[in-house]
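Since the structure comes first, as structure tokens, the remarks are kept for the end.
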Amino acid sequence: MTVQDSTATLLKSTSAHHSPSTYYHSMAEADTVISVRNFSLWYSKKRALTNVTIDFPRNQITALIGPSGCGKSTLLRAINRMNDLIKGVRTEGNILIDGNDIYAKGVDPVEVRRRIGMVFQKPNPFPRSIRENILFGAKINGYKGDYDQLVEECLRRAALWDEVKDDLNKSGLALSGGQQQRLCIARAIAVAPEVILMDEPCSALDPISTLRIEELMRDLAKQYTILVVTHNMQQASRVADNVAFMLSDDVTTGMLVEYGPTSEVFTNPKSKRTEDYITGRFG
Amino acid sequence: MVVGQIPAQQAAEFSVDLPRRKAVGWVFIALGLLSILFALFILLLLLYDVVHRGLPYLTWEFLTGFDSRFPSRAGVLAALAGTVYMMGFTILFALPLGIMAAIYLEEYAGDSWFANAVQINISNLASVPSIIYGLLGLQVFVRVMGLNRSVLAGALTMALVILPIIIVASREALRSVPPSIRDASLALGATKWQTIRHHVLPYAVSGIMTGNILAAARAIGESAPLIAIGALTFVPFTPNSPLDLFTVLPIQIFNWTSRPQEAFHDVAAAGIIVLLVVLLILNSLAIFLRWRFRTQF
Numbered sequence: 000m001t002v003q004d005s006t007a008t009l010l011k012s013t014s015a016h017h018s019p020s021t022y023y024h025s026m027a028e029a030d031t032v033i034s035v036r037n038f039s040l041w042y043s044k045k046r047a048l049t050n051v052t053i054d055f056p057r058n059q060i061t062a063l064i065g066p067s068g069c070g071k072s073t074l075l076r077a078i079n080r081m082n083d084l085i086k087g088v089r090t091e092g093n094i095l096i097d098g099n100d101i102y103a104k105g106v107d108p109v110e111v112r113r114r115i116g117m118v119f120q121k122p123n124p125f126p127r128s129i130r131e132n133i134l135f136g137a138k139i140n141g142y143k144g145d146y147d148q149l150v151e152e153c154l155r156r157a158a159l160w161d162e163v164k165d166d167l168n169k170s171g172l173a174l175s176g177g178q179q180q181r182l183c184i185a186r187a188i189a190v191a192p193e194v195i196l197m198d199e200p201c202s203a204l205d206p207i208s209t210l211r212i213e214e215l216m217r218d219l220a221k222q223y224t225i226l227v228v229t230h231n232m233q234q235a236s237r238v239a240d241n242v243a244f245m246l247s248d249d250v251t252t253g254m255l256v257e258y259g260p261t262s263e264v265f266t267n268p269k270s271k272r273t274e275d276y277i278t279g280r281f282g
Numbered sequence: 000m001v002v003g004q005i006p007a008q009q010a011a012e013f014s015v016d017l018p019r020r021k022a023v024g025w026v027f028i029a030l031g032l033l034s035i036l037f038a039l040f041i042l043l044l045l046l047y048d049v050v051h052r053g054l055p056y057l058t059w060e061f062l063t064g065f066d067s068r069f070p071s072r073a074g075v076l077a078a079l080a081g082t083v084y085m086m087g088f089t090i091l092f093a094l095p096l097g098i099m100a101a102i103y104l105e106e107y108a109g110d111s112w113f114a115n116a117v118q119i120n121i122s123n124l125a126s127v128p129s130i131i132y133g134l135l136g137l138q139v140f141v142r143v144m145g146l147n148r149s150v151l152a153g154a155l156t157m158a159l160v161i162l163p164i165i166i167v168a169s170r171e172a173l174r175s176v177p178p179s180i181r182d183a184s185l186a187l188g189a190t191k192w193q194t195i196r197h198h199v200l201p202y203a204v205s206g207i208m209t210g211n212i213l214a215a216a217r218a219i220g221e222s223a224p225l226i227a228i229g230a231l232t233f234v235p236f237t238p239n240s241p242l243d244l245f246t247v248l249p250i251q252i253f254n255w256t257s258r259p260q261e262a263f264h265d266v267a268a269a270g271i272i273v274l275l276v277v278l279l280i281l282n283s284l285a286i287f288l289r290w291r292f293r294t295q296f
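The listed protein sequences derive, respectively, from chains A and B. Counted from 1, the first sequence has number 97 at position 98 by numbering that gives the first Met the number 0; the numbering is strictly sequential. Counted from 1, the second sequence has number 219 at position 220 by numbering that gives the first Met the number 0; the numbering is strictly sequential.
If you want it as structure tokens, here you go:
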């Protein structure tokens, strides 16, 4: 689906009693990497996403915002099929990566996860050396190139090289929180993903480290498509090209309320609920 | 908020009474200290009794000699060698089997009907009296398999005794691996086995080893199942092959204490000291391994 006309409201009515409507802003023509199609997800009986339809453009940063429990992390984890690891998860609809449905029969989630990297809320380096942290993903995926070169390149891209180059055998856990998170980013890009999913990557970090990660994200967006979940409105406005606002209400859980370029959504929200949220009236 | 600024009306709703709350804490500290002192006292009393009686008999000849009709010439070598020999085989059988079963149950079996049934049964097996395993061993290993009252039959029986303990302890260790480590590995495109092999097992290994060694320590002190398979014998030699007859420390000690001569009871005390030292060595090994694998990361 291409982007909707700025005045039009798209009504999704595939589900009998849930028919969330999403306000789509017009967006600059861009190459779509991830295309979420009418996607719903249940944790056992509990619905977590309702008919989400959204396109993520290549080499841009899209921020998913919304109050707790609105399904933004669930959507993120649906894109690399990490939700599959949770018992009782059921999905409906499709998620296309470069046009291929990752929920189609016969698609191996392991292969999906290599192409869609992930950075978690709390830095989680392996309890091993910095070098081994980077190399693990490369090794298990049969990387044939030069290991030292890969380590240096990934650490440089993650803006960590200068701080650790003399001590690559030091444990990843010996680094500061911000450094650990950058190591996790370096580790994620070592397997050459197309997309990097970040689940509140700065929520456990101090403001200085947060700014460094944000700079890094801007830099990485030249090569990667980045989706970031954040609770921090300032962060979304600083780093994101596009913003998607999600919400759960009494009737519908995990719906996409509004989606568009960051400046549009923040300065000219179409939905009253988006406006209330970003102006801090609730959530 | 500064204390002086609390409105009087609001303050009236609290009864702070810090001295009383702290006193309750002190009572619990005192009770805890008393409990541990009591336990220590009993332990020291036992230790004193054993050392006091056994030490005179704890000579080089005692450690290198065989059992005898005369207390002064009785030695513990056959039992010590039997314990070491049997435990070697026990660990050889129980350790790989137990760890692999634990990995399967914890990581792969999921939440199926079958897995739940197995899990309940293993937890139950861990609390079955060891004599029951002895009777099973007697029938299966000694009679049906024709292993006789050999080291091998004893080791297999003992392996059965500690297998459930090993499985339960290993699963506990596997479960304590933080999910964030698994997530990190899986998110990089690692398969389940790669995640287990490279991250879960290395992380859990200290816990697994500790559990295994404690299970082994339990087996060393265990005598009932071996009595059931008939290891209670006068063995004046060290076993040379897995099919030889054997005896172990607790049985030897039991044997000495059941003799009428008072002096043999002191010999038994010396045997207890040897057994305690063996257990102490094993437990130290467990602590060392735990420390060793932890500092590796």
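Yeah, the Cβ is synthetic: ideal placement off N, Cα and C, and Gly gets one too. Fair warning: this is a prediction, and the values are worked out from it, not measured in the lab.
Could you check whether the stretch 76-93 of chain B touches the stretch 207-224 of chain B, counting it as contact only if at least three pairs of C-beta atoms, one from each stretch, sit closer than 8 angstroms?
yes
Given B/Pro224 as reference, the closest of B/Leu135, B/Leu278, B/Ser240 once Cα atoms are compared
B/Leu135
Just how far apart, CA to CA, sit B/Ala186 and B/Pro177?
15 angstroms
Limits of the unbroken alpha helix (DSSP H) element including B/Glu12:
Taken as a continuous stretch (DSSP letters only), B/Glu12 belongs to no alpha helix (DSSP H), as it is neither H nor E.
For a contact defined as C-beta to C-beta under 7 angstroms, what are the partners of B/Thr190 on chain A?
Val109
Go to A/Ala185, then tell me how far its alpha helix (DSSP H) extends in each direction, as first and last residue.
176-188
Looking only at its chain, what residues have a beta carbon closer than 7 angstroms to the beta carbon of A/Ala220, apart from the 5 residues adjacent to it on each side?
Asn58, Gln59, Ile60
What residues from chain A crowd round B/Leu134, counting only those whose CB sits closer than 7 angstroms?
In chain order: nothing, as chain A lies at least about 40 angstroms away.
In chain B, which residues lie less than 8 angstroms from A/Arg139 when you measure between Cβ atoms?
One detail in the question is off: residue 139 of chain A reads as Ile in this sequence, not Arg. Result: Leu187, Gly188, Ala189, Thr190, Gln193, His197.
Bridge-paired residues (DSSP) for A/Ile64:
A/Phe244
Apply the 10 Å Cβ neighbour rule to A/Gly259 and answer buried if 16 or more other Cβ atoms are within range, or exposed otherwise.
buried
Closer than 8 angstroms, Cβ to Cβ, to anything on chain B: give me those residues from the stretch 118-149 of chain A, in chain order.
Phe119, Lys121, Asn123, Pro124, Phe125, Pro126, Arg127, Phe135, Gly136, Ile139, Asn140
Chain B partners of A/Arg112, CB-CB under 9 angstroms?
Leu185, Ala186, Leu187, Gly188, Ala189
A/Val190 beta carbon less than 8 angstroms from that of A/Gly116
yes
Along the chain, where does the alpha helix (DSSP H) that runs through A/Lys271 open and close?
271-277
For A/Leu204, write down the residues that DSSP places opposite it in a beta bridge.
Its beta-bridge partners do not exist; DSSP assigns none.
Assuming B/Ser160 and B/Ser129 form a contact by the criterion Cβ under 8 angstroms, report the distance between their Cβ atoms to the nearest whole angstrom.
The identity of residue 160 of chain B in the sequence shown is Val, whereas the question assumes Ser. Going by Cβ atoms, the distance from B/Val160 to B/Ser129 rounds to 5 angstroms, so yes, they are a contact pair.
Element boundaries [alpha helix (DSSP H), containing A/Phe135]:
129-139
Assign A/Tyr223 to one of two classes, buried (16 or more other C-beta atoms within 10 Å of its C-beta) or exposed (fewer than that).
buried
Tell me the DSSP secondary structure of A/Met216 in three-state form.
helix
What do you get for B/Met255, buried or exposed, if any count of 16 or more other CB atoms within 10 angstroms of its CB means buried?
Strictly speaking, residue 255 of chain B in this sequence is Trp, with Met absent from that position. Buried.
Ignore the nearest five residues each way along the sequence and tell me which others in A/His16's own chain have a CB closer than 6 angstroms to its CB.
With a pLDDT of only 42 at A/His16, under 50, the local geometry of the prediction cannot be trusted, and the value read off the model is given with reservation. Counting only Cβ-Cβ distances below 6 angstroms, and skipping sequence neighbours, we find nothing.
Could you tell me the distance, in whole angstroms, from the CA atom of A/Asn93 to the CA atom of A/Phe38?
6 angstroms
Just checking: is the beta-carbon of B/Ile301 within a distance shorter than 8 angstroms of some beta-carbon in chain A?
Because chain B here runs from 0 to 296, residue 301 of chain B falls outside it and cannot be looked at.
Coil, strand or helix - A/Ser14 by DSSP
At A/Ser14, the pLDDT of 38 sits below 50, so the modelled position is not reliable; the number obtained from the coordinates is stated separately. Here A/Ser14 sits in coil by DSSP.
State the Cα-Cα distance for the pair B/Ala114 and A/Ala29, rounded to the nearest angstrom.
50 angstroms
Below 8 angstroms on the Cβ atoms is my guess for A/Val242 versus A/Thr261; work out the distance and round it to an integer in Å.
5 angstroms
Enumerate in chain order the residues of its own chain whose CB-to-CB distance from B/Thr250 is below 8 angstroms, with the five nearest sequence positions on each side excluded.
Note that residue 250 of chain B is Ile in the sequence shown here, rather than Thr. Answer for B/Ile250: Ala78, Ser222, Leu225, Ile226, Ala230, Leu231, listed in chain order.
Tell me whether the beta-carbon of A/Ala157 lies closer than 8 angstroms to the beta-carbon of A/Leu215.
yes
Under a CB-based cut-off of 8 angstroms, is A/Lys86 close to chain B?
yes
If you reduce the DSSP assignment to three classes, tell me which class A/Arg36 lands in.
strand
Would you kindly work out how many angstroms separate the C-alpha atoms of A/Asn82 and A/Leu40, rounded to a whole number?
9 angstroms
Of the residues A/Arg280, A/Lys269, A/Pro268, A/Thr251, the one placed nearest A/Arg46, counting alpha carbons only:
A/Thr251
Between A/Asp166 and A/Leu210, what straight-line distance do the alpha-carbon atoms span, to the nearest angstrom?
24 angstroms
Please report how far the alpha carbon of B/Ile165 lies from the alpha carbon of B/Thr237, in whole angstroms.
28 angstroms
Closest to B/Asp243 by C-alpha separation, out of B/Val49, B/Tyr56, B/Ala80, B/Arg291, would be which residue?
B/Ala80
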